[in-house]
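Peer 1:
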Amino acid sequence: MMDELLKAWDFFSPKNGCAEVGYQLATELDAAGRREEGLDIATKLLQSNPKDPIALNFVGYIWADEAINLDQAHEMISEALKQRPDDPYILDSMAWVLFRQNRPEEALTYLKRAVEKLDSDPTIHEHMGDVLLSLGKKDKALDHYLKASLLSKNARDELEEKINELVD
Numbered sequence: 001m002m003d004e005l006l007k008a009w010d011f012f013s014p015k016n017g018c019a020e021v022g023y024q025l026a027t028e029l030d031a032a033g034r035r036e037e038g039l040d041i042a043t044k045l046l047q048s049n050p051k052d053p054i055a056l057n058f059v060g061y062i063w064a065d066e067a068i069n070l071d072q073a074h075e076m077i078s079e080a081l082k083q084r085p086d087d088p089y090i091l092d093s094m095a096w097v098l099f100r101q102n103r104p105e106e107a108l109t110y111l112k113r114a115v116e117k118l119d120s121d122p123t124i125h126e127h128m129g130d131v132l133l134s135l136g137k138k139d140k141a142l143d144h145y146l147k148a149s150l151l152s153k154n155a156r157d158e159l160e161e162k163i164n165e166l167v168d
């Protein structure tokens with residue numbers, strides 16, 4: 001599938017068309033461990049449309065996840081959230097940047113809303129676990145880590161380590 005997306009992006013990109021292909025490709029590249037390539041595509045989308053909420057969220061989330069450019073990431077995600085206040089992925093991104101800025105109580109507010117909107121996303125549950133653990137709520141954190149593990153298509157060593165630390 002990624003090869004087809006890359007071909008479509010190569011075809012449409014010079015014509016500033018088909019942002020949806022760009023979104024999908026950036027997401028697939030990130031999931032495949034090719035984060036920088038995904039970030040490049042999202043950045044190109046922002047050059048075409050600086051207010052694009054999906055691209056703003058993508059770049060802001062990546063920066064938050066990497067713990068870089070946190071103030072700018074917060075601004076980008078805030079702009080995306082203004083346009084899509086009920087989007088669970090953007091709510092999760094806002095929570096994640098707040099958590100990275102050492103503001104876990106505020107992050108928790110956004111994560112609760114994200115879980116209400118989308119209870120089936122493993123990343124949202126893992127983030128909830130991280131925030132709850134930072135607030136000393138180990139049992140609740142473990143519940144969310146276990147749910148993330150059950151929902152995840154691919155078992156991740158990092159998530160398993162988090163679970164094992166709380167179970168031991």
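If you read the sequence shown in UniProt numbering, its first letter stands for residue 1, the second for the next number, and so on. Every residue, glycine too, gets a C-beta built ideally from N, C-alpha and C.
Straight-line CA distance for Lys82 to Asp52?
Peer 2: When rounded, the distance between both Cα atoms is 11 Å.
Peer 1: Pro14: buried (16+ other C-beta within 10 angstroms of its C-beta) or exposed?
Peer 2: Because Pro14 carries a pLDDT of 42, less than 50, the predicted location of this residue cannot be relied on, and the following value inherits that uncertainty. So Pro14 counts as exposed.
Peer 1: Classify Pro50 as buried or exposed, calling it buried when 16 or more other Cβ atoms lie within 10 Å of its own Cβ.
Peer 2: Result: exposed.
Peer 1: Which two residues bound the contiguous alpha helix (DSSP H) that contains Ile124?
Peer 2: 122 to 134 is the span of the alpha helix (DSSP H), which, as asked, contains Ile124.
Peer 1: Does DSSP classify Asn164 as helix, strand or coil?
Peer 2: Of the three classes helix, strand and coil, the one that applies to Asn164 here is helix, per DSSP.
Peer 1: Using the Cα positions of Ile90 and Leu111, report the straight-line distance between them to the nearest angstrom.
Peer 2: About 10 Å.
Peer 1: Measure how close the beta-carbons of Ala55 and Ala42 come, nearest whole angstrom, since I'm counting them as under 8 Å.
Peer 2: Right, their Cβ atoms sit about 5 Å apart.
Peer 1: Short of 8 Å in beta carbon distance, which residues of its chain neighbour Leu70, apart from the five on each side in sequence? Order them along the chain.
Peer 2: For Leu70, where only same-chain residues beyond five positions count, the Cβ hits under 8 Å are Trp63, Ala64, Val97, Arg100, Gln101.
Peer 1: Find out if the Cβ-Cβ distance for the pair His144, Leu159 is shorter than 8 Å.
Peer 2: Result no, Cβ atoms of His144 and Leu159 do not sit closer than 8 Å.
Peer 1: If I follow the unbroken alpha helix (DSSP H) through Gln101, where does it start and stop?
Peer 2: Gln101 -> no alpha helix (DSSP H), and no H or E assigned at all.
Peer 1: Taking only runs of the alpha helix (DSSP H) that begin and end inside the stretch 38 to 91, which ones reach a length of at least 4 residues, in chain order?
Peer 2: Those alpha helix (DSSP H) runs which fall completely within the stretch 38 to 91 and span 4+ residues are 53 to 66, 70 to 83.
Peer 1: Would you give the residue range spanned by the alpha helix (DSSP H) that Leu29 belongs to?
Peer 2: Counting along the chain, the alpha helix (DSSP H) containing Leu29 begins and ends at 19 to 31.
Peer 1: With a Cβ-Cβ cutoff of 8 Å, do Lys147 and His127 count as a contact?
Peer 2: Against a cut-off of 8 Å, the Cβ pair of His127 and Lys147 comes out as no contact.
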